[in-house]
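S.K.:
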Amino acid sequence: MVETHQQFWKRVNHLSQKHKAMANGYYTTIRNDGLVIARPRRRDAGFPVKYVLALTVMFFLLKAFMLSANGSGTYQTRLNTLSNGTIVERAGAWVLKVDPITQMLANKIGPVLRGGAAKL
Numbered sequence: 495m496v497e498t499h500q501q502f503w504k505r506v507n508h509l510s511q512k513h514k515a516m517a518n519g520y521y522t523t524i525r526n527d528g529l530v531i532a533r534p535r536r537r538d539a540g541f542p543v544k545y546v547l548a549l550t551v552m553f554f555l556l557k558a559f560m561l562s563a564n565g566s567g568t569y570q571t572r573l574n575t576l577s578n579g580t581i582v583e584r585a586g587a588w589v590l591k592v593d594p595i596t597q598m599l600a601n602k603i604g605p606v607l608r609g610g611a612a613k614l
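Numbered per our numbering, the sequence shown finishes at 614, counting up by one with no gaps.
#1: In this structure, does DSSP put valine 530 in helix, strand or coil?
#2: Do the region 555 to 562 and the region 591 to 603 meet, that is, are 3 or more Cβ pairs less than 8 angstroms apart?
#3: Looking at leucine 607: is its Cβ nearer than 9 angstroms to the Cβ of alanine 587?
#4: Which value, in whole angstroms, describes the spacing of the CA atoms of histidine 508 and proline 542?
#5: Given aspartate 554, which residues of its chain have a CB within under 7 angstroms of its CB, disregarding the five upstream and five downstream residues?
#6: Which of the three DSSP states, helix, strand or coil, is assigned to threonine 580?
#7: Checking contacts by CB at 9 angstroms: is leucine 549 closer than that to chain B?
#8: For the alpha helix (DSSP H) that valine 504 lies in, which residues bound it at each end?
#9: For alanine 532 versus threonine 522, is the C-beta distance shorter than 9 angstroms?
#10: When burial is assigned at 16 or more other CB atoms within 10 Å of the CB, is leucine 529 buried or exposed?
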């Protein structure tokens, strides 16, 4: 009798855990015998690293495009104007400053913008 009672509570605890897991969503599958089984969805890994990486790459490409389109003298003049402004403008000037990655990308993009590359 005690063993049956313990098995019952073990099944109840298992169902409670499954219910908590399915509260975040679930999907259903059909087995070969036609039985529909509901399974909990996996939770996301957490912080979306690939999206942050993609945004960072796009930001550097934007900076390189602005640098190659405006020229280094004009770009630096505009950064100097920003660095003399408010705190927000100074922060923007610091973020937009020319770094080695931006300079390298601008050197690659520049000839394409000026028509130096082969036209397709």
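For each residue, glycine too, the CB sits at the ideal point set by N, CA and C.
M.R.: Checking against the coordinates, here is how it stands:
#1: strand
#2: yes
#3: no
#4: 31 angstroms
#5: Note on identity: in this sequence residue 554 is phenylalanine, with aspartate being the wrong assignment. Here the set comprises Ile595, Thr596 and Leu599.
#6: coil
#7: The chain labelled as chain B is not found in the depicted structure, where only one protein chain is given.
#8: Looking at the sequence provided, one finds lysine at residue 504 rather than valine. Run containing lysine 504: 496 to 516, per the alpha helix (DSSP H) assignment.
#9: yes
#10: exposed
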